[in-house]
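Residue numbers (UniProt numbering): 1 to 439. Glycine residues also receive a C-beta, built at the ideal position from the N, C-alpha and C atoms.
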């Protein structure tokens with residue numbers, strides 16, 4: 001079942017008839033209860049906003065130009081086969097500026113995310129000199145590369161305020177779990193995450209039977225009335241016979257069972273078998289030695305010999321494999337929840353985009369590709385989309401939730417269980433104005 005491309009305002013929602021009963025039972029707080037609602041007609045499509053590619057590109061046409069008294073902006077909707085070099089050439093923007101922009105992007109790789117439908121804005125001043133490149137990531141986020149007096153470009157990221165709306169998806173097993181969950185409306189990433197979270201509880205191929213049921217709470221990020229396209233799994237319940245398995249996302253981005261015990265696989269601290277010398281530390285406030293401007297180092301450089309085996313520090317799915325003029329060959333891995341890792345300057349990549357990897361699995365060999373002064377491995381850890389020091393940051397472990405936070409966690413669990421229990425027979429429960437339970 002495909003999630004519809006609809007806005008929240010498409011349907012009027014009515015309060016659940018069982019809401020009063022839930023309130024009496026003390027399962028849901030009043031603010032959440034007032035927002036919990038179901039569609040009056042379950043045959044109507046779900047009112048979950050879905051982001052379209054291009055994130056609001058004007059006119060839907062590549063190369064559209066907007067003139068102003070002080071300059072002009074040339075807006076590009078990227079098409080299949082387009083390259084940045086070709087877009088700059090067609091816009092009469094210098095290739096030397098593109099080279100400087102790629103240098104500014106080497107610590108972020110934001111321009112590596114370009115896909116058909118991506119929206120780019122190239123701004124020129126009154127003298128028709130190229131000044132700014134903007135990549136619109138989604139309705140809430142954009143990255144901007146601005147010309148500096150010395151001709152280099154500086155990276156900035158802007159984020160608008162967002163909130164999350166939630167959807168309950170439920171279904172029953174008819175064949176494989178993957179096929180059943182996909183038919184119910186879960187996407188591939190959500191299905192793989194559920195498998196990852198519950199793999200120590202059951203064998204998805206052997207233990208599930210026809211008629212076993214599952215429910216999931218999926219949150220959708222929204223800016224105004226537009227979806228950003230970002231989703232996250234908030235809770236999962238899988239019933240097989242008399243046994244039910246749970247996983248709930250907590251505010252730390254990790255997942256726990258109903259008793260607060262971790263179900264998130266533990267991470268490795270190092271992406272190599274040995275702990276090599278750190279040749280350049282993590283420093284998000286690093287200043288350029290010549291310009292004095294902020295030039296962050298969003299990871300750590302490890303002085304590893306050429307051809308050293310590089311391993312994934314956690315279970316996950318390969319999100320991106322690429323070759324960048326400054327970062328060299330690289331791999332991005334999404335570990336589900338809040339964590340992603342990145343490995344740069346590789347000599348050989350051993351995995352493909354979309355592949356599932358396990359903690360400790362070899363994914364590449366270290367190298368000296370891209371802009372590099374010698375063989376080394378650049379390793380990054382991102383938490384909720386922001387780089388953190390991979391050698392000191394809190395990483396998922398097999399630990400339980402601290403006792404001081406257990407009461408708050410269990411209160412959230414009761415809310416999630418009530419939401420899943422009183423959902424309709426289809427994915428038709430929204431609480432559009434309720435705060436996220438664990439944020």
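By the three-class DSSP mapping on this structure, what secondary structure does residue i have?
i: residue 176; result: coil
i: residue 238; result: strand
i: residue 409; result: helix
i: residue 404; result: helix
i: residue 356; result: strand
i: residue 414; result: helix
i: residue 395; result: coil
i: residue 181; result: helix
i: residue 201; result: coil
i: residue 285; result: coil
If you measure between the beta carbons of residue i and residue j, is that distance less than 8 Å?
i: residue 396; j: residue 339; result: yes
i: residue 166; j: residue 219; result: yes
i: residue 365; j: residue 313; result: no
i: residue 271; j: residue 102; result: no
i: residue 144; j: residue 156; result: yes
i: residue 306; j: residue 276; result: no
i: residue 353; j: residue 333; result: no
i: residue 198; j: residue 233; result: no
i: residue 158; j: residue 174; result: no
i: residue 280; j: residue 287; result: no
i: residue 344; j: residue 327; result: yes
i: residue 255; j: residue 337; result: yes
i: residue 360; j: residue 300; result: no
i: residue 186; j: residue 235; result: no
i: residue 204; j: residue 195; result: yes
i: residue 363; j: residue 168; result: no
i: residue 304; j: residue 375; result: yes
i: residue 152; j: residue 104; result: yes
i: residue 370; j: residue 324; result: yes
i: residue 240; j: residue 206; result: no
First and last residue of the beta strand (DSSP E) that includes residue i?
i: residue 320; result: 316–324
i: residue 251; result: No beta strand (DSSP E) contains residue 251, which DSSP labels as neither H nor E.
i: residue 219; result: 213–223
i: residue 188; result: No beta strand (DSSP E) holds residue 188; the alpha helix (DSSP H) holding it covers 188–198.
i: residue 333; result: 328–334
i: residue 301; result: 300–302
i: residue 366; result: 362–366
i: residue 343; result: 339–349
i: residue 379; result: 377–383
i: residue 312; result: No beta strand (DSSP E) holds residue 312; DSSP gives it neither H nor E.
i: residue 387; result: 386–388
i: residue 278; result: 278–280
Which residues in the same chain have their Cβ closer than 8 Å to the Cβ of residue i, if we skip the five residues on either side of it in sequence?
i: residue 116; result: 53, 78, 79, 80 and 82
i: residue 382; result: 339, 340, 341, 342 and 388
i: residue 263; result: 197, 198, 200, 201, 247, 255, 256 and 257
i: residue 132; result: 121, 122, 123, 144, 145, 146 and 147
i: residue 249; result: 232, 233, 234, 235, 255, 337 and 438
Enumerate in chain order the residues of its own chain whose CB-to-CB distance from residue i is below 6 Å, with the five nearest sequence positions on each side excluded.
i: residue 179; result: none
i: residue 358; result: 315
i: residue 160; result: 140 and 223
i: residue 238; result: 214 and 245
i: residue 93; result: 122 and 130
i: residue 355; result: 318
i: residue 34; result: Residue placement at residue 34 is flagged as unreliable, the pLDDT there being 37, under the threshold of 50; the coordinate-derived value follows with that caveat. Answer for residue 34: no residue qualifies.
i: residue 335; result: 314 and 316
i: residue 372; result: 345
i: residue 367; result: 345, 346 and 347
Quick one: residues in its chain with C-beta nearer than 7 Å to the C-beta of residue i, no 5 flanking neighbours on either side, listed in chain order?
i: residue 261; result: 400
Minimum length 4: unbroken alpha helix (DSSP H) runs contained in the UniProt domain "Opacity-associated protein A LysM-like" (75–157):
84–90 and 95–104
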